[in-house]
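Participant: Going from the sequence shown to the numbering used here is simple: count from 1 and add 9.
Here a beta-carbon is modelled for each residue, glycine too, at the ideal position from N, C-alpha and C.
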Amino acid sequence: MRKPLISGNWKMNLNHFEAIQVVQKLAYLVGKDDLEQADVSLHPPFTDIRSVQTVIDSDRLGFALGAQNCHWEEKGAFTGEVSPVFLQKLGVRYVIAGHSERRELFGETDEMVNSKVKAVIAHAMTPIMCCGETLAEREAGSTEAKVLGQVRAGLAGVKPAQVAAMVIAYEPIWAIGTGRTATSADAQAVCAAIRTCVREVAGADAAHQVRIQYGGSVKAGNIAELIGQDDIDGALVGGASLDADEFARICKLGR
Ligand code: 13P
């Protein structure tokens, strides 16, 4: 069985003081038994990571530290970028690669996402590689073409055993921050297509083991139904992860 992974992507929200408060509140609300049912990763802004790491380490919390992005080079003249080496040094376990906001607002291409995925793996961290279609693409019937194209490009040159250990997040762009969620049947259909695509490019073992998250207006009220789908192994949560009470209920899988 694939253990669900619930990831809180705080995006550009919460300064390091606010981040510490949310983590402390979450620590109080999410217990060891909850973390046996689901892994939980927290993805603060870069400026908060060291503070969150300190709280996780000193209080021996069971949350995994995450980042929202990284560069693929280890060092050099890349003003404003953050090296995967720095993230690894901070104890980061999961790094989001190719979030739709990075692709749509900051021009990240499939090739850049592929480089990031490989760099994250090369530094012993786990990529959460995002994919998803716009509303226009969905209405034009090209959801699978877009999503599977992103998956194939993002996994190019990644070894099957590495694919098996990574996370793919299906986030329909029209469902992000809009309050609109894909129906669980629609989300399941796309996640199943992603798994079939992984089988084609990396084999049956990788397809069986890779964790596929759904993201897009996930809330405490819809997580149970989403996670109940065969090919949905967790959630990438934006807005609802900023509220410790709501996110704790998501981490408990709506129970
Ligand atoms: P929301 O949960 O706010 O829709 O955001 C989803 C997302 O983009 C997570 O990465």
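Which residues share a DSSP beta bridge with Leu157?
Facilitator: For the purposes of this step, residue 157 is taken as the residue at position 148 of the sequence shown. Per DSSP, none; premise fails for Leu157.
Participant: Please report how far the alpha carbon of Ser151 lies from the alpha carbon of Ile221, in whole angstroms.
Facilitator: Translated into the one-based positions of the sequence shown, residue 151 becomes position 142. Translated into the one-based positions of the sequence shown, residue 221 becomes position 212. Straight-line Cα distance between these residues: approximately 20 Å.
Participant: Taking 7 Å as the cut-off, is the beta-carbon of Glu255 closer than that to any non-hydrogen atom of the ligand 13P?
Facilitator: As a first step, residue 255 is located in the sequence shown; it is residue number 246 there, counting from the start. Flag unset: Cβ of Glu255 not near the ligand 13P.
Participant: May I ask which residues mark the beginning and end of the alpha helix (DSSP H) holding Pro93?
Facilitator: The residue labelled residue 93 in the question sits at position 84 within the sequence shown. Segment Pro93 to Lys98, the alpha helix (DSSP H) holding Pro93.
Participant: Taking His52 as part of the beta strand (DSSP E), name the residues at either end of that continuous run.
Facilitator: Locating residue 52 in the sequence shown gives position 43, counting from the first residue. Unbroken beta strand (DSSP E) run through His52: Asp48 to His52.
Participant: Cα separation between Leu251 and Asn22?
Facilitator: Taking the first residue of the sequence shown as 1, we reach residue 251 at position 242. Taking the first residue of the sequence shown as 1, we reach residue 22 at position 13. Approximately 8 Å between the Cα atoms of the pair.
Participant: In the DSSP assignment, the alpha helix (DSSP H) including Val39 goes from what residue to what residue?
Facilitator: One-based indexing of the sequence shown puts residue 39 at position 30. Run containing Val39: none; DSSP gives neither H nor E here.
Participant: Looking only at its own chain, which residues have a Cβ that is under 7 Å from the Cβ of Gly119, when we skip the five neighbours before and after it?
Facilitator: Reading the sequence shown from its first residue, position 110 is the one you call residue 119. The sequence shown places Asp at residue 119, rather than the Gly named in the question. Excluding positions up to five away in sequence, the list reads Gln159, Ala162 and Gly163.
Participant: Looking at the secondary structure, which residues open and close the beta strand (DSSP E) in which Thr143 lies?
Facilitator: Sequence index remark: in the sequence shown, residue 143 carries index 134 (1-based). No beta strand (DSSP E) contains Thr143, which DSSP labels as neither H nor E.
Participant: For Gln238, tell me which candidate among Gly225, Thr192, Phe256 and Ser16 has the shortest Cα-Cα distance.
Facilitator: Within the sequence shown, residue 238 is the residue found at index 229, counting from 1. Answer by Cα proximity: Thr192.
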